[in-house]
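What follows is a set of notes on a single structure, which appears directly below.
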């Protein structure tokens, strides 16, 4: 890779495994080990995550973020219930119907927002209207938030606390999709507890794949009434969906490699740093603007069509996003990752 | 591991990844690659499997055997249908309800057999009785066979052909759970085509995890009317169940490492060889007998209780199986794998 | 009931059974009859509906509109697919998650509209955006329309034809929720074929409960490619959802009583007439206005809060509807039925 | 029907509605009534059933026995769980996959028995073996019994008590399929409480359709810990499966007509009486024998093939049942109902 410019800003999931995770896989590959999660790596992972979050918790590693989110939701809502989220949530837009599959048909209700962060008043109104529907509605039974959001913004812990409090007052558990939690923490520079269980999160999807792992996330149940209730039989849900690895050590070892040191936060900081550099460069471009504040590793920019084409022709990979009416130009998404270098960003900015 | 005796005969899924697969993971870990299966490794895997089976086919790698089997069945039967299998089939006994989950509630109908191999007459009778149930029954809509079976026996290709013909005459597709297909082929010493599509198999679970991979199986749809119909939208089923890896190269690379040479068959031959050695040793033990012929890498033996205890106390790991009434002693299962050495087997036999 | 004023405008489903239907139930109650739909009433019903719609069709009577709609959709979309409808559709707002239950988790995608009638351009745009989502989306696989709509408006047959054509071009079957089809036909004064199969409808929920029956609807599959494919095994879907009456004659007899003459249209005409009288009276009220054209038996009116309270205090039953921001007053819904008399309407108008 | 001989012994569900139930439907057909169960008939039904069973209970009327059983089970077991029943149970043999549909894929585990009545030791053994399966099994989470059984036999209350005690010790709720509970009570001549909640039943399917109603059963939740937990949101389950009648009065009125007096028991006594007469006559026939004791309204008889053919040719309707190997002749099932007269029975006996 020496000297080569990485032109891939399409997603943080096209990056390779970071070296420390690959090393951990090799280290785990010695001798036999008990199957189905009864191995030392899984035990160490739980211990380490309890230390990271400074609280008792139960951790279930699974392969993908979609599985992690959907399995979590299936433990939170009955099949006749509904989950409420922001309309940009990954569960609502990018999981191919997995939430409905795992929950056996629970409905996703979504709320529009300015920047991917749910508005507490809109949430309160939605609960009231849903209740009016009575037996004919799908009753909202869980709140799912995303940190960092799909627009690259980050909730302040107090904002999560406010939303979670509304949920809990209405007897709803709160799930956090933390596929990019590390990026949010790197931005907030707060303790992981503050934006999760201390703010009222009961169940967390702890993302690792986008942060340097091969294919690994963990569903964390915090020590809350909702969290403890939901984790019952959770291993059975994992098994039943074909997500229980016999050789689970290789799943746990990936996450463990990231969290046994601050590597997970360092990787996120690198990605965030690249995103900031990118955002500042794009914002300075005449005719360009950033519709959302860049707070994690996703940069959304509106650029004139010719500029976007120029970047594409120069070989840079990124997504043209759906451009809402009224935006003057093309909305694109650029994602950085743990291995994005300043030179990679500068090459793109130079190509503008 | 030098010199140490492996005492673990509990399962072939507690073994580590074989060196060639681990090397393949490292080799794949360079630079970015398109996500969700649009990578060169996945393409090469399909090409190579077509060569191995000498026929056009479509391959979908997934993480676990349970996922592979259940996803395949979900593409074969409607939710109101039934799948018929031997009563010892993994789908019927060891998948935690996954077939019902993925098929949305299709029923598993099972037939008893002498040694895990379905009897064609019993199959024919079951179809007739099921049809009599009319609208009140769950209509049998697919046949699922297992090669090698859960009792360690192996179907002759003609036996599969006979069962598949009955299925096809009744408009049922045929699925083969090939978690240990390599072991069956090592025993049969026939071409992979003979015991699969040439015998009437439409969809195959091609196992790799038990044969040296980390966590990888592939669902193969052969170029048959049933196979082609079933593969429609299959990627959507994978995505919806959270089984679509973003970094799929690491899934495909595992299987590719096994099948790009004869490694997959060599690994199976080693495991089978160890099982034979074990079987012969156990059969010679006074008071012991083998209820089933050992044809793959699973050895079932009935031994006197004190002998079983002696092995356990000597630190050997294996399962006490459910012992049907009438067997004089304790039924145990011993499983060998690609890294079981003669010395490992001999140490167990010496401890008898 | 002589002389008493009916004050119940809450719904058309709180009315009693109309006399002809009750008589039919009594007439059917003689001797034994084959169970599960193999009775003469069910056979006669199919014949009569074929005559009414002037086309070959297959009819499956079931108990409720929710069951009818959801069963139909389950035959049209795969579990990983999506159904698109207007955002006011009964399936989207009032069926307690039944569509998700019967389809095993298919998603409902909804489009906003001015008056409950889907806009063809919005439909076309939605298909394009959905397709862009690729494997991560829930692919739209069926269109569901409602005639008359939940706002009491009625599609012109050509409007249905335009939407159905878009659907068919995209290989989607078209379902029509005809819970109030009779009211729509009474308004359109066209042949039943024109607004159904001739306009491109493949599957129809033919409503009877709101039109004088006790509890009876029929799912009609028209003789179209989509219709014929979807009706396969439909009786199994009915059975499996507990909707197959053993004494089905009593289900079929209800609908037969309505359609063997023009009673079903006469009942609808009476209800529509009452709705027109009501609408005209309300529109004349100072401070009141009707946000939608009254074209069937539902009248939506915005009235000043004190007027609404006055009606409530006078004992009139109706629903306060969700009042969108910007409407000056309270939005209420008033529903008439086959037994609503001019005097009933006039009493309400007098109470304004 | 005067003078005509009823030759229909095929099922108790091909009989017409008994006069008292038909009258009740007519009586209920006056004026409007609140929808969805908020009507006086439903309220009266609950009160009356509480009196009949002499205990607080919650009653939910639904249309069919299949719906009633499956809805009940869906409230008792998680989707990854299993229900255990006798292998002849209606839920296991005749409900077209409905239990799997409503429970979202829970598995039915069945036990063989001599005469349809589960053996307590077999139940205990099954629990032990299921537990051994660990995460790979579908854990048994509910017991479902049938009273009277599908072989026409009746559990003594103590036998139910013994089975229910085992279930409760293992934290499993107990469901009773009482499609023919009235027939069982007519045989036992005990109080309804004795064979239900006092024996440990938590949830009961109270059958009416086979006993003179049109299409009506009720799910009764007794005032037990399991019963109270299971009834939560039950109305939502009914709605979601399309089983919530808008005009529910006509559903409740049917059952109320049967239980507001002893009519339900009288109807059952008549059917049982006819069955006894039939059984005695068949048992006396040379070459015939009854494999099960006739204790309700189902008579199973083994007759020589020519005799069976003679009855069929004489126009009598009944089912040839699956005849297990070893029975010398043809196993047939004859079912009596509330309107079977002695003359009807005698005509059949004479035709032997």
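Chains as they are written, first to last, in the numbering used here: chain U, 1016 to 1367; chain F, 1016 to 1367; chain A, 1016 to 1367; chain Z, 1016 to 1367. Ideal placement from N, C-alpha and C gives every residue a C-beta, glycine not left out. Computed from a prediction, not measured in an experiment: that's the story for all the values here.
Taking residue i and residue j to be in contact with their CB atoms under 8 Å, please state how far apart those CB atoms are, rounded to whole angstroms.
i: residue 1138 of chain Z; j: residue 1181 of chain Z; result: 6 Å
i: residue 1121 of chain U; j: residue 1159 of chain U; result: Not confirmed; about 11 Å, so no contact.
i: residue 1211 of chain A; j: residue 1310 of chain A; result: Not confirmed; about 17 Å, so no contact.
i: residue 1126 of chain A; j: residue 1162 of chain A; result: Not confirmed; about 16 Å, so no contact.
i: residue 1269 of chain A; j: residue 1040 of chain A; result: 7 Å
Are residue i and residue j close, meaning C-beta to C-beta below 8 Å?
i: residue 1260 of chain U; j: residue 1230 of chain F; result: yes
i: residue 1298 of chain A; j: residue 1353 of chain A; result: no
i: residue 1119 of chain U; j: residue 1258 of chain Z; result: no
i: residue 1283 of chain U; j: residue 1197 of chain U; result: yes
i: residue 1227 of chain A; j: residue 1236 of chain A; result: no
i: residue 1074 of chain F; j: residue 1064 of chain F; result: yes
i: residue 1101 of chain F; j: residue 1164 of chain F; result: yes
i: residue 1106 of chain U; j: residue 1084 of chain U; result: yes
i: residue 1029 of chain F; j: residue 1050 of chain U; result: yes
i: residue 1266 of chain F; j: residue 1059 of chain F; result: no
Any beta-carbon of chain F closer than 8 Å to the one on residue i?
i: residue 1190 of chain U; result: no
i: residue 1238 of chain Z; result: no
i: residue 1094 of chain A; result: yes
i: residue 1109 of chain Z; result: yes
When you compare the CB of residue i with every CB in chain Z, is at least one pair closer than 8 Å?
i: residue 1129 of chain F; result: no
i: residue 1337 of chain F; result: yes
i: residue 1259 of chain A; result: yes
i: residue 992 of chain U; result: The structure shown does not extend to residue 992 of chain U, since chain U spans only 1016 to 1367, so no value can be given for it.
i: residue 1120 of chain F; result: yes
Looking only at its chain, what residues have a beta carbon closer than 7 Å to the beta carbon of residue i, apart from the 5 residues adjacent to it on each side?
i: residue 1327 of chain U; result: none
i: residue 1193 of chain F; result: 1162, 1219, 1220, 1221, 1222
If we count the other Cβ atoms within 10 Å of its Cβ and call it buried at 16 or more, is residue i buried or exposed?
i: residue 1313 of chain U; result: buried
i: residue 1195 of chain Z; result: buried
i: residue 1320 of chain F; result: exposed
i: residue 1132 of chain F; result: buried
i: residue 1304 of chain Z; result: exposed
i: residue 1023 of chain U; result: buried
i: residue 1170 of chain A; result: buried
Within the 8 Å Cβ cut-off, does residue i reach chain A?
i: residue 1254 of chain F; result: yes
i: residue 1017 of chain F; result: Here the model assigns residue 1017 of chain F a pLDDT of 46, short of 50, so the residue's position is not dependable, and the following value carries that caveat. Output row for residue 1017 of chain F: interface = no.
i: residue 1051 of chain F; result: yes
Please check if any C-beta of chain U sits within less than 8 Å of the C-beta of residue i.
i: residue 1029 of chain F; result: yes
i: residue 1079 of chain F; result: yes
i: residue 1151 of chain Z; result: yes
Going by beta carbon distance, what residues of the same chain come within less than 8 Å of residue i, once the five residues before and after it are set aside?
i: residue 1369 of chain U; result: Nothing about residue 1369 of chain U can be reported from this structure: the residues present for chain U run from 1016 to 1367 only.
i: residue 1279 of chain A; result: 1197, 1223, 1226, 1227, 1273
i: residue 1330 of chain F; result: 1022
i: residue 1214 of chain F; result: 1172, 1173, 1175, 1176, 1179
i: residue 1025 of chain Z; result: 1332, 1333, 1334, 1350
i: residue 1200 of chain Z; result: 1207, 1210, 1280, 1283
Whose C-beta lies closer than 6 Å to the C-beta of residue i among residues of the same chain, with five residues either side of it excluded?
i: residue 1016 of chain Z; result: The predicted model places residue 1016 of chain Z with a pLDDT of 40, which falls under 50 and marks its position as unreliable; any figure quoted below should be read in that light. Nothing listed; no residue qualifies.
i: residue 1130 of chain A; result: 1166, 1168, 1307
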